[in-house]
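Counting in the working numbering, the sequence shown runs from 34 upward without gaps. Beta carbons: idealized from backbone N, C-alpha and C, even for Gly.
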Amino acid sequence: MTPNPMTNDLPDPAAAPDSAPLYSPARVRALLAAHGLKPTKSLGQNFLIDGNILRAIAEAGGAAPGENVLEIGPGLGVLTREVASRGARVTALEKDERLRPVLAETLAGLDVNVIWGDALDFDYAALPAGTRVIANLPYYITGLLLTRFMQAPGVVSATVLVQKEVAQRLVAQPGQDNYGFLSAVAALYGSVKHVRDVPKGAFFPAPDVTSSVVRLDFDRTRPQPDPAFVSFVDNALRYRRKTLRNNLRMMGHSGEAIDAALSDLGLRPDVRAEDVPLSGLRAVAAALGVVR
Ligand SMILES: C[S@@+](CC[C@H](N)C(=O)[O-])C[C@H]1O[C@@H](n2cnc3c(N)ncnc32)[C@H](O)[C@@H]1O
């Protein structure tokens, strides 16, 4: 049973036998109808209705007995169930309070702690060491959430469903089209792996864009990036297609100091920040006295 791509209509709930899995399109529709709910676009509510994708995310995310998992946006609880039923302890942050009765029903009997509130207000620094994030993220705050996970010392990995375009940015290397702050900061904290693409039909309602599952691993054994350097990289890469010199000028560095630094480091005066590897940006930051 797949949704009609033209209307996003799902089959009649009466057609959903109780034995059908929770993520089946008919069960999802029945659940929403029973609670008088419609997905809210502004909250990025595109619910997963494909069992293969759910299993692939849980598997890639390392959901296993004894693991502490953080999920952002459990929605109807389909991914939460998949992860918790593999023995992981799940903490799930959900903003939409209308989903309280739904999650009470779909997560009954599982080891899940639902925290109601905005994921942007959550204290990620307090998460226990070894926490794994597994989530189908609300797309409108993906970038912000990814940087919160990176900066939380307890979080060791994040396996997340994101827009394909974000996935491409995450894995891009210096000099490539999609390279930018997200690519650079991900490389500063660890490594990124593209797990698989996910077609629009795997969601209800179907989103406008293709999605991808990526896994980010954060290396907590090495010294964490200097916040001054992270901010320097953010500013240096902020305006794409402008020269690094121009972006550094916007940060308030003098033209003289920039020219001397670029020349000493053998970088062309018109080099663009997205073409300079992180080691080069670090050398520029050191030459300008931003980091030691
Ligand atoms: C893409 S849906 C994923 C739902 C479910 N995990 C699934 O895969 O079917 C995103 C979820 O994030 C929730 N959400 C949106 N903004 C949020 C925020 N700021 N804080 C916490 N949850 C949020 C939405 O209500 C929704 O449940």
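Are there 16 or more other CB atoms within 10 angstroms of the CB of residue i, so buried, or fewer, so exposed?
i, result
"E307", "buried"
"G110", "buried"
"R305", "buried"
"S52", "exposed"
"A31", "Nothing in the structure corresponds to residue 31, since the chain is present only between 34 and 325."
"R181", "buried"
"A185", "buried"
"Y272", "exposed"
"N85", "exposed"
Considering just the uninterrupted stretch of the beta strand (DSSP E) at residue i, what are its terminal residues?
i, result
"G223", "G223 to V231"
"A191", "V188 to Q196"
Is the distance from the Cβ of residue i to the Cβ of residue j below 8 angstroms?
i, j, result
"V309", "D259", "no"
"R278", "I291", "yes"
"A320", "D297", "yes"
"K197", "D230", "yes"
"R165", "E100", "yes"
"L314", "V263", "no"
"L170", "L194", "yes"
"A217", "V225", "no"
"A168", "G106", "yes"
Quick one: what's residue i bridged to in DSSP?
i, result
"F80", "F237"
"N85", "Answer is none; N85 lacks a bridge partner."
"L103", "T124 and V166"
"R305", "T276"
Give the range of the alpha helix (DSSP H) segment to which residue i is assigned.
i, result
"T175", "T175 to Q184"
"A320", "L311 to A320"
"L112", "V111 to A117"
"A63", "P58 to A67"
Check: Enumerated in chain order, which unbroken segments of the beta strand (DSSP E) with a length of 3 residues or greater are wholly contained in the stretch 237 to 287?
Finding: 244 to 251
Notebook entry, point to check: Which ranges does the beta strand (DSSP E) cover as unbroken runs of at least 3 residues, wholly within the stretch 126 to 167, from first to last along the chain?
Noted result: 145 to 149
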